[in-house]
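Residue numbers (our numbering), protein chains in the order written: chain A, 1178 to 1390; chain B, 1178 to 1390.
Glycine residues also receive a C-beta, built at the ideal position from the N, C-alpha and C atoms.
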DNA sequence: CCCGCTTGTGAACGATGATTCTAATTCATG
DNA sequence: CATGAATTAGAATCATCGTTCACAAGCGGG
């Protein structure tokens, strides 16, 4: 009876995962409000009632989805960052990891970024509490790294929070551009170096450095 | 009769403007889908029917709103940019203008950025055609400036499109941060110089420049 | 003071879509 | 097989909201 139960559980988890996967695709394509429970149920090849067996509401699906992905992403970043030594290397790890992760999770990026922009409906309701915090953690991580880099003399003096926002904004835009153009030929992660170099040195060539404000 | 008609027309324009203003506030606070026509009508102190006298649909309000603001913004940027000489100065103008404009139009920023994030949904349909184009124009303007700067030797060689996206992403993030923190004490436009300098020179101090990739 | 035209009103309509509920089905167990 | 518990199904429910429409009020000219 125990092994049976185990298999049952695994199957249920699987169904739950299927629903989440379908929802991810749909939310990504049409957005939260234009995706109906019927759509999700159909995509997952279940009846509506069944979907409600696994999630108590549409919002619950949405939140579970983001929660899971954010968790996964945060874990990944943390691992990569902690295995780098200098502040510079850690920032490079943040950049590379973000690009790699969203290269593999385009659908999620659309949800992620529209959540970011989504003052929309987000920052309120149960969602904001946990998930907004998680997003904030990413920003804080970057701020801390930049602050550390400043202390170590690797970076010049500046407002770490602002630099962190600028960094993530820049990455988001780049990912966005890449997804829009949707050329499967070029890899997104391949842009890591050029972005890191932009973040570290800007657009002005070294030879000109003294001339500008 | 003519002066009468004129006054009448002005009054109508005024009412139209009132509705747009109310809608802007509401869309900004709750998002497109969570704002109902009833809400808009109430906020503007009209009956629903009256609102439909001025706009043929909810979407029409939304589009008119964005269209008008984008137009205004584009005009402003164009004027400022064309009165600057060097590529560097033109980019500085883009930065300063964007910060100033959104400092004065916070509500619109929320709509603007959630439109940006809404890849194709939010409202889609007629919107995309005109307004997405307008957004794209801003990106193209920046790309062109960067390309010109490269040719003039002011900037180092890089992909202009990517740099343009990075620039705007960085600005969006910064504006976002400023709006969130909502401290009316500090001016957003005041960050222009520091952002420009970040865009031009990055975070690494000049003395260290040779050490990094 | 009245007629007719423009503008304002909000109840009523119709569509959509989240959620619920009960009947059908599956499936382990005796 | 028979039984009953667990699971699936999808029609029915209920609420919301965009839009329309028949009517009322305001107003200018006769």
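| field | Secondary structure of residue 1213 of chain A, DSSP reduced to three states | value | Mapped onto the first chain, residue 1213 of chain A falls at position 36. Residue state, collapsed to three classes: coil.
| field | alpha helix (DSSP H) segment containing residue 1275 of chain B, residue limits | value | Position 98 of the second chain, counting from 1, holds the residue named residue 1275 of chain B. Note, residue 1275 of chain B: alpha helix (DSSP H), 1264-1281.
| query | Does the Cβ of residue 1364 of chain B have 16 or more other Cβ atoms within 10 Å, making it buried, or fewer, making it exposed? | reply | Locating residue 1364 of chain B in the second chain gives position 187, counting from the first residue. That one is exposed.
| message | Quick check: what's the CA-CA separation for residue 1327 of chain A versus residue 1346 of chain A? | response | Position 150 of the first chain, counted from the start, is the residue given in the question as residue 1327 of chain A. Position 169 of the first chain, counted from the start, is the residue given in the question as residue 1346 of chain A. Cα to Cα, the separation comes out at about 20 Å.
| field | Helix, strand or coil at residue 1327 of chain A according to DSSP, with G and I counted as helix | value | Numbered from 1 along the first chain, position 150 holds the residue referred to as residue 1327 of chain A. In the structure shown, residue 1327 of chain A sits in a helix (DSSP, three-state: H, G or I).
| Are the region 1313-1323 of chain B and the region 1333-1348 of chain B in contact at 8 Å, needing three or more beta carbon pairs? | yes
| said: Please list, in chain order, the chain A residues whose beta carbon lies closer than 8 Å to that of residue 1273 of chain B. | reply: Counting from 1 along the second chain, the entry for residue 1273 of chain B is found at position 96. Neighbours of residue 1273 of chain B on chain A: none; closest Cβ ~12 Å, over 8 Å.
| query | Is residue 1364 of chain A helix, strand or coil by DSSP? | reply | The residue given as residue 1364 of chain A occupies position 187 in the first chain. Residue 1364 of chain A falls in the coil class under three-state DSSP.
| query | Using a beta-carbon distance below 7 Å, is residue 1282 of chain A in contact with chain B? | reply | The sequence position of residue 1282 of chain A within the first chain is 105, counting from 1. No, residue 1282 of chain A lies away from the interface with chain B (no Cβ there is under 7 Å from its Cβ).
| Nearest-angstrom beta carbon gap, residue 1251 of chain A and residue 1314 of chain A [assumed within contact, 8 Å] | In the first chain, the residue the question calls residue 1314 of chain A occupies position 137. In the first chain, the residue the question calls residue 1251 of chain A occupies position 74. That belief holds up - the Cβ atoms of residue 1314 of chain A and residue 1251 of chain A are roughly 7 Å apart, short of 8 Å.
| query | Can the beta-carbon of residue 1141 of chain A be found less than 7 Å from the beta-carbon of residue 1204 of chain B? | reply | An answer regarding residue 1141 of chain A cannot be provided, because it is not within the stretch 1178 to 1390 covered by chain A.
| said: Quick check: the Cα distance between residue 1223 of chain A and residue 1200 of chain A, rounded to an integer number of angstroms? | reply: As a position in the first chain, residue 1223 of chain A is number 46, starting the count at 1. As a position in the first chain, residue 1200 of chain A is number 23, starting the count at 1. Near 12 Å, if we compare the C-alpha coordinates of residue 1200 of chain A and residue 1223 of chain A.
| query | Which term fits residue 1259 of chain B, buried or exposed, when burial requires 16 or more other beta carbons within 10 angstroms of its beta carbon? | reply | The residue you call residue 1259 of chain B lines up with position 82 of the second chain. That one is exposed.
| message | I'd like the list of long-range same chain contacts for residue 1135 of chain B, defined as Cβ closer than 6 Å, with 5 residues on each side in sequence excluded. | response | Since the first and last residues shown for chain B are 1178 and 1390, residue 1135 of chain B lies out of range.
| query | Between the region 1350-1369 of chain B and the region 1355-1372 of chain A, do at least 3 Cβ pairs fall closer than 8 Å? | reply | no
| said: Given this structure, state the Cα-to-Cα distance separating residue 1248 of chain A from residue 1240 of chain A, to the nearest angstrom. | reply: Position 71 of the first chain, counted from the start, is the residue given in the question as residue 1248 of chain A. Position 63 of the first chain, counted from the start, is the residue given in the question as residue 1240 of chain A. Each residue's alpha carbon lies about 12 Å from the other.
| query | Roughly how many angstroms lie between the CA atoms of residue 1236 of chain B and residue 1282 of chain B, to the nearest whole one? | reply | Indexing the second chain from 1 puts residue 1236 of chain B at position 59. Indexing the second chain from 1 puts residue 1282 of chain B at position 105. Between residue 1236 of chain B and residue 1282 of chain B, the C-alpha separation is close to 21 Å.
| query | When the distance is taken between beta carbons, is residue 1294 of chain A closer than 7 Å to residue 1290 of chain B? | reply | For the purposes of this step, residue 1290 of chain B is taken as residue 113 along the second chain, with counting starting at 1. For the purposes of this step, residue 1294 of chain A is taken as residue 117 along the first chain, with counting starting at 1. Yes, the pair counts as a contact, with Cβ atoms nearer than the cut-off.
| message | Between the alpha carbons of residue 1245 of chain B and residue 1331 of chain B, how many angstroms are there, rounded? | response | Within the second chain, the letter at position 68 stands for residue 1245 of chain B. Within the second chain, the letter at position 154 stands for residue 1331 of chain B. Cα to Cα, residue 1245 of chain B sits roughly 35 Å from residue 1331 of chain B.
| request: Go ahead and label residue 1369 of chain A buried or exposed: buried means 16 or more other beta carbons lie within 10 angstroms of its beta carbon, across all protein chains shown. | output: The residue labelled residue 1369 of chain A in the question sits at position 192 within the first chain. Result: buried.
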